[in-house]
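For the working numbering, add 2 to where a residue sits in the sequence shown, where the first one is 1.
Shown next, in structure tokens, is the structure this report addresses.
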Amino acid sequence: MSTPLEDSPAASDVAPFDVAQVRADFPILSTEVHGKPLVYLDNAATAQKPNEVIDAVAEFYRRENANIHRGVHFLSMQATQRYDHARARVARAIGAIEPREVIFVRGATEGINLVAQCFLRPRLQAGDEILLTGMEHHANIIPWQLVADATGAQVRAIPITDAGELDLEQAVEALTDRTRLLAFSHVSNVLGTINSAKELVAAAKSKGIPVLIDGAQAVPHGPVDVLDLGCDFYTFSGHKVYAPDGIGVLWGRAEVLNAMDPYQGGGDMIERVRFEGSTFRAIPERFEAGTPNISAAIGLGVAFDYLEALGWDRIQAHEAALLQHGVQRLRELPGITLFGPDTATRASVISFSLEGVHPHDVGTFLDGDGIAIRVGHHCAQPLMDRLGVAATTRASFALYNTTEEIDKLVDSLHKVVNFFRDSS
Ligand SMILES: Cc1ncc(COP(=O)(O)O)c(C=O)c1O
């Protein structure tokens, strides 16, 4: 997702894929919930997994399971090879120069905590500032608050506009000589806003300020090129990109990562251990203490195989069409407020509120129709405060969703509106 969706091919320019065929790759989509066909529109929370990924994980445990880096026996060497191959595969998918710059972590949350503790904390002094934005997920707030509290530094946030975007001029102003790091989400998990990542990075780098991008909501929607973005760190979670849970990536430049102290200590990350003191390996092992989530890393590599075979241009065109349809249909509902920017600068995520109906009631009602959406503060309480709401309802679309599913969502929401209007 190095370019906003507005630059991605229009639906008409790209040969569409057969959605029915794509859906057949995802076994969970043919299940029923409360006797109704599942309509899964909670993809920003986690995406469903294609057979390719499920089979790769099952196959690993069925035939290949062994610990990595430790054995001279066949299975261990093969597992090591598969794990290393997954790293190289992910590196290629995100445009990293070298596989070793891809650190496998548990997810975006761990990636951000790692950078906060091992990169930023030793550089912070009282009075320093860490700059975030007003649309961050708690995972991109709390780790910075922890290191700020420990050092006397402060966390500040670039405000968002009423349209749910960042104003570049305001962002530049907020970058001061006290700013020690800029951290922002590539795509907002609530508003779907696709931030002008390259411009924000360039503004920070022109003042010598390091940048971390939280790509948790961007990687599922388009190809990311970390070198093109120009950031220092990029992190994301596997489970949102059609891969297993418990795996994610922190990317950073080799020289920066190798200069950082380890995050956790244990097996595999050491060079030489003595009771008087130990020395540590270079990346990636430096940051991968203990037995990693081997099968999930393999699954992540396979997920990128799947996505690239389907074609990012086709995925983006399909999701753009879903977003258009969703916004258009949802606007029909009386008393609806849609949050977030114009569809040209957002990913396929729609947050909204219905006048007089609590989002939790909406969620429960839709669940009865087999429709899974997300309600609540979406781990973004400062953003909820800015929007002036305690919670929203969020529908988020993935490559396997259909316009018919969106129509079912809207039909069900009409029932919600009528039910609450009649009972009030
Ligand atoms: C923008 C954003 N950042 C970070 C996270 C945290 O991801 P995880 O819980 O997989 O570590 C999320 C999860 O929803 C997210 O949406």
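Using N, Cα and C, we set each Cβ at its ideal position, and we do this for glycine too.
Please read all numbers here as calculations on a predicted model, not as lab measurements.
Inter-residue CB distance, residue i and residue j (contact presumed, cutoff 8 Å)
i: G250; j: T237; result: 7 Å
i: V418; j: L356; result: 7 Å
i: A427; j: A155; result: As shown, the chain starts at 3 and ends at 426. That puts residue 427 outside it, with no answer to give.
i: L43; j: I317; result: Not confirmed; about 17 Å, so no contact.
i: K207; j: G232; result: 6 Å
i: G97; j: L193; result: That pair is no contact at about 26 Å.
i: E201; j: L170; result: 6 Å
i: H188; j: Q219; result: 7 Å
i: K410; j: V21; result: K410 to V21, Cβ: 15 Å. No contact.
i: M271; j: C120; result: Not confirmed; about 12 Å, so no contact.
i: I196; j: T347; result: 5 Å
i: Y244; j: L309; result: 7 Å
i: I114; j: N142; result: 6 Å
i: A118; j: P101; result: A118 to P101, Cβ: 24 Å. No contact.
i: N45; j: A400; result: 4 Å
i: P427; j: A165; result: The structure shown does not extend to residue 427, since the chain spans only 3 to 426, so no value can be given for it.
Chain-order list of residues whose beta-carbon lies under 7 Å from that of residue i (same chain, five-residue window excluded)
i: A13; result: A caution first: A13 carries a pLDDT of 48, below 50, which makes its placement in the model unreliable, though a value can still be read off. These residues qualify, in order along the chain: A319, A322, A323.
i: V92; result: V104, V251, L302, G303, F306
i: G254; result: E103, D234, F235
i: P39; result: G372
i: Q326; result: T345
i: G217; result: H188, V226, Y236, T237, F238
i: L389; result: F341
i: T404; result: V21
i: T339; result: F354, S355
i: G268; result: A291, G292
Cross-strand partners of residue i (DSSP beta bridge)
i: G279; result: R276
i: Q156; result: E131
i: L168; result: I162
i: D44; result: S398
i: T195; result: R348
i: V35; result: K38
i: I373; result: V41
Cutoff 6 Å; reference residue i; Cβ partners in own chain excluding five residues on either side
i: P212; result: L183, D234
i: L122; result: V149, L183
i: Q266; result: A291
i: L259; result: I285
i: A47; result: R376
i: T181; result: E131, L133, I211
i: T281; result: E273, R274
i: D27; result: P52, N53
i: S190; result: M137
i: V107; result: G113, G250, L252
i: S350; result: E321, L324, L325, F399
i: A382; result: H139, V192
CB contact check: residue i to chain B, cutoff 8 Å
i: D57; result: Protein chains in the displayed structure number just one, and chain B is not present.
Delimiting residues of the alpha helix (DSSP H) encompassing residue i
i: Y85; result: 76–95
i: V329; result: 314–332
i: F367; result: 361–370
i: L229; result: 228–231
i: L202; result: 199–207
i: V24; result: 21–26
i: N115; result: 110–117
i: A58; result: 53–61
i: M386; result: 383–389
For residue i, the first and last residue of its enclosing beta strand (DSSP E)
i: D216; result: 213–216
i: F422; result: That residue, F422, is in no beta strand (DSSP E); its alpha helix (DSSP H) goes 405–424.
i: L356; result: 351–356
i: L340; result: 338–341
i: A185; result: 181–187
i: V107; result: 104–107
i: T237; result: 235–239
i: L252; result: 250–254
i: G378; result: 376–378
Cβ shell of residue i (< 8 Å), same chain only, five flanking positions each side left out
i: S414; result: F367, L368, D371, I373
i: P361; result: S355, V377, G378, A393, T394, T395
i: A205; result: L170, A173, V174, L177
i: I70; result: S78, A81, T82, Y85, T293, P294, I296
i: P18; result: R316, A319, H320
Which residues neighbour ligand 1 when neighbourhood means a C-beta less than 5 Å away from any of its non-hydrogen atoms? List them by chain order. That gives G109, A110, T111, H139, A141, S187, N191, D216, A218, Q219, S239.
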